[in-house]
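First to last, the protein sequences are chains A and B. For what it's worth, the working numbering labels the leading residue of the first sequence as 1, then goes sequentially. For what it's worth, the working numbering labels the leading residue of the second sequence as 1001, then goes sequentially. Ideal Cβ placement from N, Cα and C applies to all residues, glycine included.
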Amino acid sequence: MKINYRQLSIMVFLSFISLKFLALPSVMYITSGNMSWLVALVLMIIDGLYAFMLVGLMKKCKDKNINEFLINTVGVVLAKIIFILLSAQFIIQIINLTKGLEFFVVENFYDDFNWLIYVLPLIILTGFMMYKGIRNIARVEEMFCWAITIGCIYIALKCITCTDPRAFLPMFKDGVAPLFHSAFKHYSWFGSATFLIMLFGKVDFTNAKKSVLIKYVVFAILLVQFLYFVFYGLFDTTSPTHNFCLSDVSQFSSNESIIDELSWLVVSLWVIAQALQLAVYGYCLVLSVMFAFNIKAKIPVIIAIDLLMFSLGYIGEKTVNFEQFFFNPAVSALFIFNEFVIPFILLIGYGVKRKKDRRKAKVVEDESIKIVV
Amino acid sequence: MKVLKSLFSPRKLLIYLCIIIFIFTVPQITHPSMSEREAIVTMLCVDSKDDKIQIAAIALAPGSGKDASYKVYLGEGSTVGEASNSIGVALGKAMGYAQCDVVAFGEEISKNSIMAPLDYLTRTRKVSGTAIIINFEGEIDKFAQGIASLYTDKKLHIEDILTYDKRFIISKECNINSFYRGYYSDIAQGMMPKLSLETESTGNAIEVQAGDSGSGGGSEGESGSGGGNLQSSGQKQYILNDGTTCIFKNGKKVYEFSPAEANKLRLFLVRSQSGIITVDNVTDSTFSNATVVLNLTKKDVQFNAKFEGDKAKFKIVIDLDVIVDEVKEDEPNDRFLKRNKEFLSEELINKIKEKTISDCFDIISTCREQKFDLMQTYETFYRYKHKQFKEFLNKYGDDYLNHIDFSVEVKVNSSY
């Protein structure tokens, strides 16, 4: 079952905005100050270019899945290595999403809330969605996409009058070095288009308009920038103390009007977007693990991933400092490798393969001409 | 594999999901309600006495409709947390601060520093950043009893008191978020309105029933006339909100603007839009030696910072939209025949400008003396002339305001 080009674009859109509205703007401010928006903009543009490149390659090899594509172009060994690296990235993205969501729901939504009540249904839900496949996830994302988007815009617009644009001045007061440092340090919050690698052969490009993806990517970048503009404009130097971007913005000018009560509904909708993104990364992880270790059965891998999510939340909570983990240079290096090096390997592999195919075709053509002569 | 497949088929997963939700939600339903387990604090007063922190928590006692009342719980300890726990232990309930929308700091703690209690409340107890913060004068228990009586008997909340009178619109802006923003800026200053408990009725004070002082951790008093375990003496006292505004620097109260000064201060505050301007001795084609009260319907303030050589120049442009509100004149004249717009003669406009400029310079000279910056001078120079201002600061340090040339331009327009 394939997804269409519009559904793919919506998946890219939601992937671009998920993870950006939790703790990211707050933690970025610590290193890059009032220029954090620029760091986010540059990294999102890189993600966007990566998405266009992958979709371009996908179009060229419509009927091959990524496993077949890699084995044909770069060979089995390199293919396995790439799948292991991708699996590592998906695991980190799942941890980041799960921990962010957990922190958000358990700490922010409720005063006193049992962690298990939130995490167990979430694990079962994502497991179910992983099992049902990408078409199912894409259709649910299609259903919620506009509600989530309108909600985010509503929250930002609600506070726009309190936003102080002077918070972005002076620009580059400490030079550009902190921006590079921040970009490297927070790379694990980006890499939002990597999941597209796993969708090779799963997209139907019939009647696909190229501009659709461009529109969604540009819209995602603008939406994130708009919310960051409001967030930094509202909180300025106190931004590091506001760990829940979307909910903190929504509560900035809270009053008792009925429309204001909608804020929490909107924030809850956005939690759905996070859960859907979790299912996307989970699905990609299932595929990459299956390809990396030649596993044919899907269900044991899904159960293993669900157990991993559970144990990371339960055991990892006490033993691993996740905040430090995401800032680890090795994690950033992995994301950068996957986003900068793997595409080149894919492109070079595809180029070499195409050349070989052409040569073969030419030889066959020459031989057939000789036979005719 | 077949067993696994049958155990984890999609339909079975949905059934498991329902079972889990059932297991976890049913016990939650049978749990006592949150108001049974927690005291829902809607306002917290904090002060210190003899190195001890005193808190008075005004908590909602649930009831249906008009029966809902507010109770005051008093606690004491070496920290706010300890004082809060002492109330919790005495009551057998946890103190829930999530609904707390007003935090009041007493005189004593304001002089020492309010940052530690504020940090505890926002970081640990999750008091919302939109909660209003105020300064109060008077004994903490009596003040809290008075406020609780206000809430219960008059159904009047602090937010209403502070924002009702448009002259005191600055109060609306003073929530924890805006205070923190000022505190974490380079000049580390913030302001908050002040309410005081008076024994005699003055001006716009509101009558309340203030209780006798309670003692020890977790003592309880109920305000109003509802009966029960009362400590309230029913003694009449008055909550006064006259616009007095306190200035904090590095978390400590350093100055207090009188109501008249606070009214002048309003001119510099971007968000303060409304108010009243009174101009004396107006004589023109309409008025003769009259006192004219003008209603300020809209105000726009712009700040312009520049360097001319070594000289730092700061220009404040104030755009006022006014209408003539009331006129006090010895002899009545035929002004009723005129349209409001015609009242704004050149002479009156000049008088308004003179008064506004003089008010502005009064505040500037106070700021220069007291070394705090309420005209956004630092911020404007820092944002727009960063490098030059850095050098300027290196040269003059804290005394930078005395080396800046201020100028004020006032534009007056008619609201009609």
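- For the alpha helix (DSSP H) assignment, the uninterrupted runs of no fewer than 4 residues enclosed by the region 164-197 of chain A are, from N- to C-terminal side, 177-185.
- Residue contact check for residue 246 of chain A against chain B: no CB pair falls below 7 Å.
- Straight through space, the alpha carbons of residue 1208 of chain B and residue 21 of chain A are spaced by roughly 46 Å.
- In the three-state reduction of the DSSP assignment, residue 1018 of chain B falls in the helix class, which pools H, G and I.
- Relative to the Cα of residue 204 of chain A, the nearest Cα in the group A:42, A:33, A:64, A:17 belongs to A:64.
- Per the DSSP secondary-structure output, residue 1277 of chain B pairs in a beta bridge with B:1294.
- Taking the C-beta atoms as reference points, residue 169 of chain A is found nearer than 7 Å to residue 1383 of chain B.
- Think of a sphere of 7 Å around the beta carbon of residue 121 of chain A: the chain B residues whose beta carbon falls inside it are 1017, 1020, 1021, in chain order.
- Taking residue 1317 of chain B as the centre and dropping the five residues before and after it, the same chain places the C-beta of 1302, 1409 closer than 6 Å to its C-beta, in chain order.
- Residue pairing for residue 1077 of chain B: DSSP places it in a beta bridge opposite B:1053.
- Against chain B, a Cβ distance below 7 Å from residue 158 of chain A picks out nothing, because the smallest value is about 13 Å.
- Here the C-alpha atom of residue 71 of chain A lies approximately 14 Å from the C-alpha atom of residue 351 of chain A.
- Assigned with DSSP and collapsed to three states, residue 1175 of chain B falls in strand.
- A Cβ-Cβ distance of about 7 Å is found for the pair residue 1372 of chain B and residue 1254 of chain B, placing them in contact under the 8 Å criterion.
- In the structure shown, residue 1284 of chain B falls within a coil segment according to DSSP collapsed to helix, strand and coil.
- Straight through space, the alpha carbons of residue 4 of chain A and residue 349 of chain A are spaced by roughly 26 Å.
- Closer than 7 Å to the CB of residue 1383 of chain B there is at least one CB belonging to chain A.
- Contact of residue 1185 of chain B with chain A is assigned, a C-beta pair being separated by under 7 Å.
- Within its own chain, the residues whose Cβ lies closer than 8 Å to the Cβ of residue 163 of chain A, once the five positions on either side in sequence are excluded, are 229, 230, 233, 234, listed in chain order.
- Looking at the DSSP output, residue 1138 of chain B bridges to nothing.
- Straight-line spacing of the CA atoms in residue 1380 of chain B and residue 166 of chain A works out to 9 Å.
- When C-beta atoms of the region 302-313 of chain A are compared with those of the region 88-101 of chain A, three or more pairs fall below 8 Å, so the two segments count as touching.
- Interface criterion met: the Cβ of residue 173 of chain A is under 7 Å from a Cβ in chain B.
- Only those residues of the region 1116-1131 of chain B whose C-beta falls short of 9 Å from the nearest C-beta of chain A are listed: 1122, 1123, 1126, 1128, 1129, 1130.
- Contact of residue 165 of chain A with chain B is not assigned, every C-beta pair being separated by 7 Å or more.
- Using a Cβ distance threshold of 7 Å, residue 200 of chain A and residue 1 of chain A do not count as a contacting pair.
- Under the Cβ criterion (8 Å, minimum of three pairs), the region 1033-1049 of chain B counts as touching the region 1090-1103 of chain B.
- As a beta-bridge residue in DSSP terms, residue 1240 of chain B pairs with B:1196.
- The C-alpha of residue 1037 of chain B is placed about 15 Å away from the C-alpha of residue 1099 of chain B.
- Between residue 1080 of chain B and residue 1040 of chain B, the gap from beta carbon to beta carbon reaches 7 Å or more.
- For residue 343 of chain A, the CB contacts under 8 Å within the same chain, skipping 5 residues up- and downstream, are 50, 53, 54 in chain order.
- Only residues of its own chain outside the window of five on either side were considered, and among them 22 have a CB closer than 6 Å to the CB of residue 100 of chain A, listed in chain order.
- Scanning its chain for C-beta atoms nearer than 8 Å, with the 5 sequence neighbours on each side dropped, one finds around residue 1012 of chain B the residues 1006, in chain order.
- Within the model, the alpha-carbon separation for residue 1112 of chain B versus residue 1388 of chain B is close to 35 Å.
- If you compare the alpha carbons of B:1134, B:1097, B:1314, B:1140 with that of residue 1120 of chain B, the shortest gap goes to B:1097.
- Residues are counted here when their Cβ sits less than 7 Å from a Cβ of chain A; for the region 1384-1400 of chain B these are 1384, 1386, given in chain order.
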